[in-house]
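Q:
There are 2 protein chains.
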Amino acid sequence: MPRTRVHSMLMSVDGFAAGNHVTVQEPIGGAEALASWYDGRVIHGIQALSDSAEPITADRALFSLWGQGIGAEIMGRRKFGPQSGPWPEDGWRGWWGEDPPFRTPVFVLSHYPREPLHFANGTSFHFLDATAHQALQIAQQAAGGLDVRIGGGPSTVRQFLEADLIDFMHLVIVPLVLGTGVSLWDGIPGIQQRFTVESIGTSGGVTHQLWNRNRGD
Amino acid sequence: MPRTRVHSMLMSVDGFAAGNHVTVQEPIGGAEALASWYDGRVIHGIQALSDSAEPITADRALFSLWGQGIGAEIMGRRKFGPQSGPWPEDGWRGWWGEDPPFRTPVFVLSHYPREPLHFANGTSFHFLDATAHQALQIAQQAAGGLDVRIGGGPSTVRQFLEADLIDFMHLVIVPLVLGTGVSLWDGIPGIQQRFTVESIGTSGGVTHQLWNRNRGD
Chain A
-13 MPRTRVHSML MSVDGFAAGN HVTVQEPIGG AEALASWYDG RVIHGIQALS DSAEPITADR
47 ALFSLWGQGI GAEIMGRRKF GPQSGPWPED GWRGWWGEDP PFRTPVFVLS HYPREPLHFA
107 NGTSFHFLDA TAHQALQIAQ QAAGGLDVRI GGGPSTVRQF LEADLIDFMH LVIVPLVLGT
167 GVSLWDGIPG IQQRFTVESI GTSGGVTHQL WNRNRGD
Chain B
-13 MPRTRVHSML MSVDGFAAGN HVTVQEPIGG AEALASWYDG RVIHGIQALS DSAEPITADR
47 ALFSLWGQGI GAEIMGRRKF GPQSGPWPED GWRGWWGEDP PFRTPVFVLS HYPREPLHFA
107 NGTSFHFLDA TAHQALQIAQ QAAGGLDVRI GGGPSTVRQF LEADLIDFMH LVIVPLVLGT
167 GVSLWDGIPG IQQRFTVESI GTSGGVTHQL WNRNRGD
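Protein chains in written order, with the numbering used here: chain A, -13 to 203; chain B, -13 to 203.
(1) Taking the beta carbon of I174/B as the centre, do at least 16 other beta carbons fall within 10 Å, making it buried, or is it exposed?
(2) Pick helix, strand or coil for F154/A, following the three-state DSSP scheme.
(3) Exposed or buried, P102/B, counting other C-beta atoms within 10 Å across all chains shown (16 or more means buried)?
(4) Specify the secondary structure class of V143/A as computed by DSSP and reduced to three states.
(5) Would E17/A and L170/A be called neighbours here (beta carbons separated by less than 8 angstroms)?
(6) Do we get a CB-CB distance below 8 angstroms when we pair Q179/A with the residues of chain B?
(7) So if DSSP puts A58/A in a beta bridge, which residue, or which two residues, is it bridged to?
(8) Any C-beta of chain A sitting closer than 8 angstroms to the C-beta of L48/B?
(9) Would you verify that the beta carbon of T166/A is, or is not, closer than 8 angstroms to some beta carbon of chain B?
(10) For the beta strand (DSSP E) containing F181/A, name the first residue and the last one.
(11) Measure the C-alpha to C-alpha separation of T182/B and D76/A and round it to an integer number of angstroms.
(12) Rounded to whole angstroms, what is the Cα-Cα separation between V160/B and W197/A?
(13) Tell me, please, whether the CB atom of N198/A is closer than 8 angstroms to any CB atom in chain B?
(14) Answer with yes or no whether the minimum CB distance from L122/A to chain B is below 8 angstroms.
(15) Residues in its own chain within less than 8 angstroms of A19/A by CB, not counting five upstream and five downstream?
(16) Residues of chain D with a CB under 7 angstroms from the CB of F154/B: which are they?
(17) List the whole-angstrom C-beta distance separating V8/A from R64/A, where the pair is believed to meet the contact cut-off of C-beta under 8 angstroms.
(18) Is DSSP giving A128/A helix, strand or coil here?
(19) Measuring alpha carbon to alpha carbon, tell me which of W52/B, L114/B, A39/B and D150/B ends up nearest R199/B.
(20) Does DSSP classify H119/B as helix, strand or coil?
(21) Can you pull the chain A neighbours of Q127/B, defined as C-beta to C-beta under 7 angstroms?
(22) Which first and last residues belong to the beta strand (DSSP E) in which R79/B is found?
(23) Any beta carbon from chain B within less than 8 angstroms of T182/A's own beta carbon?
(24) Could you work out which residues of chain B lie near R27/A, taking near to mean beta carbons separated by less than 9 angstroms?
(25) Can you tell me whether M(-3)/A is buried or exposed, with buried defined as 16 or more other CB within 10 angstroms of its CB?
(26) Closer than 8 angstroms, Cβ to Cβ, to anything on chain B: give me those residues from the region 132 to 151 of chain A, in chain order.
(27) With a threshold of 7 angstroms on Cβ separation, who are the neighbours of R(-11)/B within its own chain once the five nearest residues in sequence on each side are excluded?
(28) So which residues on chain B does Q212/A lean against when the C-beta distance must stay under 7 angstroms?
(29) Looking at the secondary structure, which residues open and close the alpha helix (DSSP H) in which A47/B lies?
(30) Taking the Cβ atom as the reference point for each residue, do M(-13)/B and G138/B lie within a distance shorter than 8 angstroms?
(31) Residues of chain B with CB closer than 7 angstroms to the CB of I186/A, please, in chain order.
(32) Closer than 7 angstroms by beta-carbon distance: list the chain B residues that pair up with R201/A, in chain order.
(33) Between the alpha carbons of Q120/A and R89/B, how many angstroms are there, rounded?
(34) From S50/A to G71/B, what does the alpha carbon distance come to, in whole angstroms?
(35) Out of S189/A, T142/A, V192/A and I186/A, point me to the one whose CA is closest to R(-9)/A's CA.
(36) Would you call the CB atoms of G57/A and I32/B closer than 8 angstroms?
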């Protein structure tokens, strides 16, 4: 059975995984400081560390799980762009330029319809007005037997947790106190009971948590 | 600059990474107990865990580094087979059957020449009577800009350490006392001074060590 997975979700020690107000200047809504603990270059493998002066660390090993065996992603609208309401005619094609990192179909949850976008590297964005269950079913078909990644942000991941659709989460708790923002954990007390959690501290100062859903739950 | 890497080298807490006598029945020479801490299925990625009842663990994340960005392997003769002396006409094609895990050129260090072997999945075995430096040069050419893995056994890795040719090692120290066998560390006291070592304990009971060579040494 394919999995539904969450990867490399960074959060502060007080539980915030994004800021409150996404703008073009602040894609993580004011929580940009989280990103300094992240190395997005290794998401398709550590071979991206072409400079051998950059060590192969446990942090990077865990970040490299992101792309392994993934056939599609589902993301919230705010991960795709800062707009709200009906889509403006602004030529927006996502934050990532013409080489988005996904290289698979990506399903963007939005109440507003829009034509899909296609990129030469295999990435495509499709816009869905759907529940978590419906979106996952569509993404699983597109994934062709591979796993589906729930790409965030935190409120999108929470929506899939509430629907009990997440099989695996890789969370990264960074030593940073944000004080405000969007928490993954709002309104889902006790959610840990559905999972077995492995915690690993690394020399980078972060704690990686691997949440694997208990079987039979 | 491509790296020369060692991956998933399991060793007992008393430092032994192989037993003394390799036979067809005992490919690790009596140290087979080491292998129970290993999951070889994930060496090309965690998508091999097709049964979602098997958790994605930190151990498996680290084992999945094995194939990332590797273009060739160098191995000692005992990793290829139990024979010694001139090659017998025994039809031996390695321990792995017709689907060897390597999927790249593999260079087997042997004083006895032999025709190369080719497999449909991209693996080929080439037999070299060469020093560590010479073998690495040949393997790097075959790797086409990707990294070269030194595949073991421990005495082969030690030979490359003595020649100061190793950039990265992933060692896995398992809670097992063997008492006898082949140690990686024989005759190279102080070798750790050339490396920065990160150690990670996991819930599996093992310690992973990531040895990254210091630059400028």
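Idealized CB from N, CA, C, for every residue including glycine.
A: Answer, in terms of the structure:
(1) Translated into the one-based positions of the second sequence, residue 174/B becomes position 188. I174/B should be labelled exposed.
(2) Here residue 154/A refers to the residue found at position 168 when the first sequence is read from its first residue. Residue state, collapsed to three classes: strand.
(3) Position 116 of the second sequence, counting from 1, holds the residue named residue 102/B. By the neighbour-count rule (16 or more Cβ atoms within 10 Å), P102/B is not buried but exposed.
(4) For the purposes of this step, residue 143/A is taken as the residue at position 157 of the first sequence. DSSP places V143/A in helix when its eight states are reduced to three.
(5) Looking up residue 17/A in the first sequence gives position 31. Looking up residue 170/A in the first sequence gives position 184. The question names Glu, but residue 17/A in the sequence shown is Ala. Cβ distance not < 8 angstroms, so A17/A and L170/A don't count as in contact.
(6) Locating residue 179/A in the first sequence gives position 193, where the first residue counts as 1. Judged by the 8 angstroms Cβ criterion, Q179/A is not in contact with chain B.
(7) On the first sequence, position 72 is the one that residue 58/A refers to. Note: A58/A sits in a beta bridge opposite V134/A.
(8) Your numbering for residue 48/B matches position 62 in the second sequence. Yes, because at least one Cβ of chain A sits closer than 8 angstroms to the Cβ of L48/B.
(9) To locate residue 166/A, count along the first sequence from 1; it is residue 180. Chain B contact via Cβ: absent.
(10) Taking the first residue of the first sequence as 1, we reach residue 181/A at position 195. Residues F181 to G187.
(11) The residue you call residue 182/B lines up with position 196 of the second sequence. The residue you call residue 76/A lines up with position 90 of the first sequence. Cα-Cα distance, rounded: 49 angstroms.
(12) For the purposes of this step, residue 160/B is identified with residue 174 of the second sequence, where counting begins at 1. For the purposes of this step, residue 197/A is identified with residue 211 of the first sequence, where counting begins at 1. So the alpha carbons of these two residues sit roughly 23 angstroms apart.
(13) As a working note, residue 198/A is residue 212 in the first sequence. Yes, its Cβ sits closer than 8 angstroms to a Cβ of chain B.
(14) Residue 122/A sits at position 136 when you count from the first residue of the first sequence. Chain B contact via Cβ: absent.
(15) Position 33 of the first sequence, counted from the start, is the residue given in the question as residue 19/A. Once the five neighbours on either side are set aside, the close Cβ partners of A19/A are L162 and L164.
(16) Absent from the structure: chain D. Protein chains present are A and B.
(17) Indexing the first sequence from 1 puts residue 8/A at position 22. Indexing the first sequence from 1 puts residue 64/A at position 78. Rounded, the Cβ-Cβ distance is 5 angstroms, consistent with contact.
(18) Within the first sequence, residue 128/A is the residue found at index 142, counting from 1. Three-state result, A128/A: helix.
(19) Here residue 199/B refers to the residue found at position 213 of the second sequence. With distances taken between Cα atoms, R199/B lies closest to D150/B.
(20) Here residue 119/B corresponds to residue number 133 of the second sequence, with the count starting at 1. Helix, per DSSP.
(21) Taking the second sequence and counting its residues from 1, the one referred to as residue 127/B is at position 141. Ordered by position in chain A, no residue passes the 7 angstroms Cβ test against Q127/B, which lies about 18 angstroms from the chain.
(22) As a working mapping, residue 79/B is identified with position 93 in the second sequence. Run containing R79/B: none; DSSP gives neither H nor E here.
(23) Numbered from 1 along the first sequence, position 196 holds the residue referred to as residue 182/A. Cβ-Cβ to chain B under 8 angstroms: yes for T182/A.
(24) Mapped onto the first sequence, residue 27/A falls at position 41. None at all; the shortest Cβ gap to chain B is about 12 angstroms.
(25) Here residue -3/A is taken as the residue at index 11 of the first sequence, counted from 1. With 16 or more Cβ atoms within 10 Å of its Cβ, M(-3)/A is classed as buried.
(26) L132 and D133
(27) Position 3 of the second sequence holds residue -11/B. Result list for R(-11)/B: D133, D153 and F154, in chain order.
(28) Shown here, chain A extends from -13 to 203; a query on residue 212/A therefore has no answer.
(29) For the purposes of this step, residue 47/B is taken as residue 61 along the second sequence, with counting starting at 1. Start and end: A44 to F49.
(30) The count along the second sequence starts at 1 and reaches residue -13/B at position 1. The count along the second sequence starts at 1 and reaches residue 138/B at position 152. Taking 8 angstroms as the Cβ cut-off, M(-13)/B and G138/B do not qualify as a contacting pair.
(31) What you label residue 186/A is simply residue 200 of the first sequence in a count that begins at 1. Going along chain B in sequence order, the residues near I186/A (Cβ under 7 angstroms) are A44, I186 and T188.
(32) As a position in the first sequence, residue 201/A is number 215, starting the count at 1. Within 7 angstroms Cβ-Cβ: A39.
(33) Along the first sequence, one-based indexing puts residue 120/A at 134. Along the second sequence, one-based indexing puts residue 89/B at 103. If I take the Cα positions, the gap works out to 39 angstroms.
(34) Locating residue 50/A in the first sequence gives position 64, counting from the first residue. Locating residue 71/B in the second sequence gives position 85, counting from the first residue. When rounded, the distance between both Cα atoms is 42 angstroms.
(35) What you label residue -9/A is simply residue 5 of the first sequence in a count that begins at 1. Looking at the Cα atoms, T142/A is the closest of the given residues.
(36) For the purposes of this step, residue 57/A is taken as the residue at position 71 of the first sequence. For the purposes of this step, residue 32/B is taken as the residue at position 46 of the second sequence. Cβ atoms of G57/A and I32/B: not closer than 8 angstroms.
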